[in-house]
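Shown next, in structure tokens, is the structure this report addresses.
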Ligand code: NAP
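Numbering (the working numbering), first residue to last: 325 to 573.
See the structure below:
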């Protein structure tokens, strides 16, 4: 009998949770606890960090987890790296459900940078109106380029005022579409977009909008993760589970 732990915090994890519930699989969804009111889920939820690799390995053993599915965001690199090591240590089968990265197409004006620090450095120069599509954990770093007028869009209202002298904050958890993002960029007279290469459809609207408006995009590339088995679709994860169950593993 499978006993599944899903590391979540993404729409893909929620879609997987729905499929697991439909199949009456024994599964728990884990959240880091960053979002104030995470959406209701059809499987049991646990919230909060595990306490590093040791804590996660212990959780897997103590709870008799047989399958660990890492459906965290592609930029949740610490959690994903911990999952690889802890699963191996606890002898638990492991797979990542992850989105393919976005690829630039005709009309895109991307500058690729390796990390947040490089994105901040890329913004040196005269004042512009910049959409920072990054989430609240990373925006304060842009205080090092205080000349710009920043547009921020967060899932929740932040507890502290972002450390950017000139900004406008929109609280919206989406889903976003091209029309809405075009209207937002137009109203705020955005000249440049900064975002992470998250992949997936939900957050892609801003890139379509930037292409239509011919705006430059600073694209922060994904962190490098340890080698692991990856799937891009919920069906493929379900197939992996079924295959392993057939083999009794
Ligand atoms: P991170 O830097 O890789 O993780 C930091 C620590 O948070 C981990 O070491 C772990 O603590 C805890 N953690 C992360 N995800 C967890 C989960 N699903 N369940 C339990 N503990 C978790 O990750 P992050 O970038 O802060 O992301 C946190 C959460 O937000 C993830 O669930 C991710 O899917 C979601 N998210 C992230 C982004 C992003 O851009 N990074 C965007 C959208 C959603 P311990 O070491 O104590 O176990």
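C-beta atoms are modelled at their ideal positions from N, C-alpha and C, and glycine is treated no differently. Just so it is clear, the structure is predicted and the values come from calculations on it, not from any experiment.
| Check | Outcome |
| --- | --- |
| Unbroken alpha helix (DSSP H) run spanning residue 440, endpoints | 440-446 |
| Assumed close pair residue 551, residue 419 - CB separation to whole angstroms, cut-off 8 Å | Rounded, the Cβ-Cβ distance is 13 Å, inconsistent with contact. |
| For residue 457, the first and last residue of its enclosing beta strand (DSSP E) | 453-457 |
| Closest Cα partner of residue 346 within the set 365, 372, 358 and 331 | 365 |
| Identity of the residue in 537, 523, 487 and 486 nearest residue 506 by Cα | 537 |
| Inter-residue Cα distance where the pair is residue 494 and residue 460 | 12 Å |
| With 16 other Cβ atoms within 10 Å as the buried cut-off, status of residue 330 | buried |
| beta-carbon residue 335 near the ligand NAP non-hydrogen atom, thresh 7 Å | no |
| Residue 404 versus residue 340: straight-line alpha-carbon distance, rounded | 17 Å |
| Near the ligand NAP: residue 406 beta-carbon under 7 Å from a heavy atom | yes |
| Continuous beta strand (DSSP E) assignments of at least 3 residues falling wholly in the region 459-516 | 473-478 and 491-495 |
| Touching by the beta-carbon criterion (3+ pairs, under 8 Å), the region 446-465 and the region 481-498 | yes |
| According to DSSP, residues forming a beta bridge with residue 366 | BP columns for residue 366 are empty, so no partner. |
| Near the ligand NAP: residue 520 beta-carbon under 7 Å from a heavy atom | yes |
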